[in-house]
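4 protein chains.
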Amino acid sequence: MKMRCMCLMIHAPTDLRVEEMDAGEIGPGQVLVRVGMGGICGSDLHYFNHGGFGAIRIKEPMVLGHEVAGTVAAVAPDVTGVRIGDRVAVNPSHPCWNCKFCHEGLPNQCLDMRYYGSAMRTPHVQGAFRNLLVCNAEQCVQIAPGVPMSLAALAEPFSVGLHAVSRAGPLIGKRVLVSGCGPIGVLAVAAARLHGAAEVVATDVVDEPLAIAQKVGASRTINVAQEKDWVARHSADKGTFDVMLECSGNERALRDGLEVMRPRGVVVQLGLGGDVSVPQNMIVAKELSICGSFRFHAEFALAVQIINEGRIDLRPVVTQTFPMQDAVAAFQLAGDRKRAMKVLLDFA
Amino acid sequence: MKMRCMCLMIHAPTDLRVEEMDAGEIGPGQVLVRVGMGGICGSDLHYFNHGGFGAIRIKEPMVLGHEVAGTVAAVAPDVTGVRIGDRVAVNPSHPCWNCKFCHEGLPNQCLDMRYYGSAMRTPHVQGAFRNLLVCNAEQCVQIAPGVPMSLAALAEPFSVGLHAVSRAGPLIGKRVLVSGCGPIGVLAVAAARLHGAAEVVATDVVDEPLAIAQKVGASRTINVAQEKDWVARHSADKGTFDVMLECSGNERALRDGLEVMRPRGVVVQLGLGGDVSVPQNMIVAKELSICGSFRFHAEFALAVQIINEGRIDLRPVVTQTFPMQDAVAAFQLAGDRKRAMKVLLDFA
Amino acid sequence: MKMRCMCLMIHAPTDLRVEEMDAGEIGPGQVLVRVGMGGICGSDLHYFNHGGFGAIRIKEPMVLGHEVAGTVAAVAPDVTGVRIGDRVAVNPSHPCWNCKFCHEGLPNQCLDMRYYGSAMRTPHVQGAFRNLLVCNAEQCVQIAPGVPMSLAALAEPFSVGLHAVSRAGPLIGKRVLVSGCGPIGVLAVAAARLHGAAEVVATDVVDEPLAIAQKVGASRTINVAQEKDWVARHSADKGTFDVMLECSGNERALRDGLEVMRPRGVVVQLGLGGDVSVPQNMIVAKELSICGSFRFHAEFALAVQIINEGRIDLRPVVTQTFPMQDAVAAFQLAGDRKRAMKVLLDFA
Amino acid sequence: MKMRCMCLMIHAPTDLRVEEMDAGEIGPGQVLVRVGMGGICGSDLHYFNHGGFGAIRIKEPMVLGHEVAGTVAAVAPDVTGVRIGDRVAVNPSHPCWNCKFCHEGLPNQCLDMRYYGSAMRTPHVQGAFRNLLVCNAEQCVQIAPGVPMSLAALAEPFSVGLHAVSRAGPLIGKRVLVSGCGPIGVLAVAAARLHGAAEVVATDVVDEPLAIAQKVGASRTINVAQEKDWVARHSADKGTFDVMLECSGNERALRDGLEVMRPRGVVVQLGLGGDVSVPQNMIVAKELSICGSFRFHAEFALAVQIINEGRIDLRPVVTQTFPMQDAVAAFQLAGDRKRAMKVLLDFA
């Protein structure tokens, strides 16, 4: 008996449709998840608004979404460790475990990665914005009783922030700058605070996201569009910050950040942009590092654990929830940085 | 009794004069070195050709030079460890040991650094291109018997290469790309080979320096102006190289290098340039690092030790030697990459 | 005019006297601190009970104490940054900044270290258990308004815990075992929790200190004298813990810890003991590391900052306070692990 | 048609027999290697002399051997990259690639490892001392033309030395002590020298192996049974060496090594022993690290590459070669440290 489910399929820029699709079958080692909540990510927005980003474009209809949590509705006979009724966050990442990077412990660099809702390969990997999802049992991480599904849906972007922190090295005693307070930025603020940064300063050009950064752990915030002298105030003795988590993808943010970094400071670059101009002599003279951070791996289970234990309150990150049927409205709002941080879709 | 000495003083672009100057007095802890050989560095060339680089410009007459070796002619009564007649390489770096960076073990980031022949601060720190030099005993590292003064004069630029290697992390099993085969580039090739890189590939746009890179340890060389497909040939499976030592300061070299780096690869940036455009998305997606490397510190003694023990033959690096009186001709030749690698001045 | 002050002088094992001494004079760069609170450390107890530990024995009368906080009563004319009336924690560590280890950024390994109340060198370095203390302005770190002097006196042992955490590498996602819940152990628990350990399990053979460990951040505690199967329960798949902070100096604790460590796990050894027997084959086969951690340096200012900001509540660590005059009673109680954790002396 | 081959089977201590066995069949992805040379390892000797070591004992007849090289005689139809006639070194390590440690990039810690000639699991993993060996194509690394089979047989123990060096961190400018000059020790000397150690000092209690250490790269050697003052001579200023590669498994060697290590020095422990007593206070006070190193993984291909390129001359390591039929005599000689270093068996 074939299962059908409802999904959010992108056909072309702004042409996002709620439609029926084949839900697939539950194979060995797999489970069926009744999706509860799903968060709209910046990459979903790029597909929605522009049909992709950089060289990555949708070439065929694709289900969006990779930040979901739900309830297990069925399990294959050979599955252990996941049971019907379990509430789970679903890891959208599916490395091959056979390529050289998987063998080196770098599955996020897998040469044959499958990641929900991504047009990086063709045929595209279909996404998780649907009410029924067949996935591997090992992608499911259990949510603790009492944790709302909406927080569990933050596990994926929070993992991105945690991975960035792990790329930064130990934060003990470190002064951390986080530039760009979109969802990744504020979750990076939370991740840095949780791992002992001595100070976490968040910057943005809009006040509303800065207020949320403050709620999840920023020591102080700077609206760099208004406080024009902020670079000068943080440049004495070659600079103030040990670590920067660059979440904006903005050239000016990166360049200003390099100015206020101390010698040997580490900039972890998460934000995606295009070509950016950097001052080579300053990088050399202060021996700065710029280190890319891409997705995550082991951090997904850690993100769920932290949310389960309530070690940090991420509720301020979720600003709105829409029913699946109102997806287009949800996507339109999600791009408004004054009103929305993380917008969730309710698939239940 | 005042000592006088002869020096090479830059007054304005291309206005380099052999003239007399006060040699100073030997204070406590100091020695007098009769300078033998001195190497012309890229920064010396910038002062000679353009009066400086970037924001650093000569504002008053300045003695050039910071790559020198010589023979100790006198020592203060309190000096131990250095004796008259010792042949020594002179470390041009003089950190304060009192600032926060010195206290953190980063003397090359000293807030009050004095470095021979540098216009970074005003009054400028006078350089070492002179026949008599008063310096601190602790700046002197003894040259082994039989080591020619010309090789000892390479200790400073070799230190720069060694410091870059130390910034790259362990090279065991690593494939290393060195871009830009000026004196720093070829000495970086030597340093990488000496520290166990599995492969060292050197690139440049001129054949002659590549031939020298081959002599000091490159596994193979690529003239990237001719082998246009070199990037494509090294990009499979996300890239070939683990480490890049970027010694050109050239934007194209850096960008091509990022293409051929493996995920998690480390680019050590030594070459000075201006603003360069880098592909932010590639840095993120491959989790690359770009790390500045500036001068050196502990590596100076190591450079002399390696030269003393003859563990690598650096003689191919020195291409010409001119008497001090012919300094202008030496400087003019030093900029010709087809004919000259390291040009030395003989002060004896 | 000579100043006199009252101090706690050890003359021989258990012969601890409250007596008058010369308070010294305030030299350039120095301040006079009216000591408020001082904590009794394990080394103080060793001097009191046994006249020393290992090869370190008191050879002449010595003022004890190195964990003190107080109020600045006078400052030398050249001092900036510290003012009369400032409440300060006093860093008992005084490196030379001239030896090779200081120049490498390892001042805690200084070859000419002076550390309050230590018989490591002769003449001994006199301690800080006195009502008036002349020290260098740079040893003083300001306490925030409202922070009780009793918490400020914890800055030194807390620094030891923070240094151990910095030796362990990043704790993100790590399961941490802390063995031995004396004052250093419970402060190491707090330090690990504050720097993001995914789990902190504290062990001891006495229940009372375990209860305090729980209060300052342990995820769970194990009385290893009672739960005999704890090693077996944590040994599956080669072991459970990524990091161990060994604070007991006990051979059995270390050996059991090695059993429950995962491959590549890191044991940070803080606890002092004598010769201990370790299973070489297990260290090899699981590629475990045992890393010593000694005192601290930069962590002192960090400890005060964390206490100032109230980022963790360390009040449960202080169990009793005695007036200076009752020092002998205080020292006698301080050794009773069922009743006392950190015992303070009030010098005001 | 079933293949039969000749092998060296251990039945009980000293009961080593040349006998016939089933050679197995070539499955998908597999090749048949006609074994040329095989080196006798310390663990082979333990099985031969004592029936095992520690808790690992032979419980059933087992073919010995894991250091072999040979010529490919047949390949499965699906194999690419290995061809009939290829001369190859055979990696004896076969991790599962499915357990958590394999997924973390630590295959040498695999929970389901199969390693030739090991009684760690029962049924034992049969070894490679036989004239015909069926193995996976991916275990084969090609030997360059002209490289003798005898040097290729060193790839496995050389990998162990290279892995130890990779555990030590960068060796640039480091002074390295290697204690115990058995085959692993001298190959560790070679590995350290090749990766740029500033000095490599080898110690042993027998002169003959020290002479071989000198030939493969030791800067100097010390017979610690004769030069009784060697510890005192290397203990000034808290110690001389930055890195120790402990290859003896001897308690005294380790303890003396800790004495002569500088603060923050790293001891890489490769030698297997039993319980050893270490001075806890010295580990703490000098902040020393003892880090286990077990087998290898990526280093096997690197070892073959280095041997192929002739970057170091390992010929002095091989002291004798015996035909397979004289295996008992070979094993008897292999234990005599005055006469034998690495003894090879010829299976051709």
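Protein chains in written order, with this note's numbering: chain A, 1173 to 1520; chain B, 1173 to 1520; chain C, 1173 to 1520; chain D, 1173 to 1520. Ideal Cβ positions, reconstructed from N, Cα and C, are used throughout, including at glycine.
Looking at the secondary structure, which residues open and close the alpha helix (DSSP H) in which residue i lies?
| i | result |
| --- | --- |
| D:Leu1426 | Glu1423 to Val1432 |
| D:Ser1215 | Gly1214 to His1222 |
| B:Asp1401 | Careful: B:Asp1401 lies outside any alpha helix (DSSP H) and carries neither H nor E. |
| C:Ser1338 | Ala1327 to Ala1340 |
| A:Gln1452 | Gln1452 to Ala1457 |
| C:Asn1323 | Reading off the sequence shown, one finds Leu at residue 1323 of chain C, where the question assumed Asn. Run containing C:Leu1323: Met1321 to Ala1324, per the alpha helix (DSSP H) assignment. |
Does DSSP classify residue i as helix, strand or coil?
| i | result |
| --- | --- |
| C:His1183 | strand |
| D:Ile1394 | strand |
| C:Gly1211 | strand |
| A:Phe1472 | helix |
| A:Glu1303 | In the sequence as displayed, the identity of residue 1303 of chain A is Asn instead of Glu. Looking at A:Asn1303 - three-state DSSP - the assignment turns out to be coil, as it is neither helix nor strand. |
| B:Val1372 | strand |
| C:Phe1466 | coil |
| D:Cys1274 | helix |
| D:Gly1196 | coil |
| A:Gln1298 | coil |
| C:Leu1442 | coil |
| C:Asn1263 | coil |
| C:Glu1380 | helix |
Taking 8 Å as the CB-CB limit, is residue i close to chain C?
| i | result |
| --- | --- |
| B:Gly1277 | yes |
| A:Gln1477 | yes |
| A:Ala1370 | yes |
Where do the ends of the beta strand (DSSP E) carrying residue i lie?
| i | result |
| --- | --- |
| A:Ala1506 | Premise fails: A:Ala1506 lies in the alpha helix (DSSP H), Ala1499 to Ala1506, not in any beta strand (DSSP E). |
| A:Val1313 | Cys1312 to Gln1314 |
| A:Gly1389 | No beta strand (DSSP E) holds A:Gly1389; DSSP gives it neither H nor E. |
Going by C-alpha to C-alpha distance, which of the options sits closest to residue i?
| i | options | result |
| --- | --- | --- |
| D:Ala1364 | D:Val1377, D:Val1332 and D:Asn1395 | D:Val1332 |
| B:Ala1384 | B:Val1254, B:Met1433, B:Leu1349 and B:Leu1486 | Looking at the sequence provided, one finds Ile at residue 1384 of chain B rather than Ala. Closest option to B:Ile1384, Cα to Cα, is B:Leu1486. |
| A:Gly1445 | A:Ala1227, A:Gly1208 and A:Glu1276 | A:Ala1227 |
| C:Ala1241 | C:Arg1483, C:Gln1497, C:Val1476 and C:Ala1506 | C:Val1476 |
| C:Thr1243 | C:Gly1199, C:Cys1307, C:Pro1200 and C:Tyr1287 | C:Cys1307 |
| A:Gln1113 | A:Val1190, A:Leu1304 and A:Arg1189 | This structure does not reach residue 1113 of chain A, given that chain A is present from 1173 up to 1520, and the question cannot be answered. |
| C:Ala1499 | C:Leu1204, C:Gly1223, C:Gly1224 and C:Gly1237 | C:Gly1237 |
| D:Leu1426 | D:Ala1408, D:Val1403, D:Gly1210 and D:Gly1368 | D:Val1403 |
| D:Gly1257 | D:Pro1320, D:Val1205, D:Ala1291 and D:Arg1339 | D:Val1205 |
| C:Leu1431 | C:Cys1268, C:Ala1246, C:Arg1405 and C:Val1251 | The amino acid at residue 1431 of chain C is misidentified as Leu; the sequence shows Glu. C:Glu1431 has its Cα closest to that of C:Arg1405, out of C:Cys1268, C:Ala1246, C:Arg1405 and C:Val1251. |
Closer than 8 Å, CB to CB, is residue i near chain A or not?
| i | result |
| --- | --- |
| C:Gly1389 | no |
| C:Pro1342 | yes |
| C:Glu1471 | yes |
| B:Arg1347 | no |
For residue i and chain D, any beta-carbon pair shorter than 8 Å?
| i | result |
| --- | --- |
| A:Trp1269 | yes |
| C:Arg1229 | no |
| B:Gln1281 | no |
At a Cβ threshold of 8 Å, is residue i touching chain B?
| i | result |
| --- | --- |
| D:Ser1338 | yes |
| A:Val1456 | yes |
| A:Phe1273 | yes |
Practice item. Taking 8 Å as the threshold, find out whether the region 1294–1311 of chain C comes into contact with the region 1428–1437 of chain D through three or more Cβ pairs. Key: Using a Cβ-Cβ distance cut-off of 8 Å, the region 1294–1311 of chain C and the region 1428–1437 of chain D are not in contact, since fewer than three pairs of beta carbons, one from each stretch, lie closer than that value.
Review point. Using 8 Å as the threshold, is the region 1323–1340 of chain C in touch with the region 1459–1467 of chain A, meaning 3 or more CB pairs across them?
Key: Per the Cβ contact rule, the region 1323–1340 of chain C is not in contact with the region 1459–1467 of chain A (fewer than 3 Cβ pairs under 8 Å).
Practice item. Report yes or no: do the region 1413–1425 of chain C and the region 1343–1359 of chain C share at least 3 C-beta pairs separated by less than 8 Å? Key: Contact holds: three or more Cβ-Cβ distances are below 8 Å.
Practice item. Could you say if the region 1260–1271 of chain C and the region 1284–1292 of chain C meet the contact criterion of at least three C-beta pairs nearer than 8 Å? Key: In short, these stretches touch, since the Cβ pair count reaches three.
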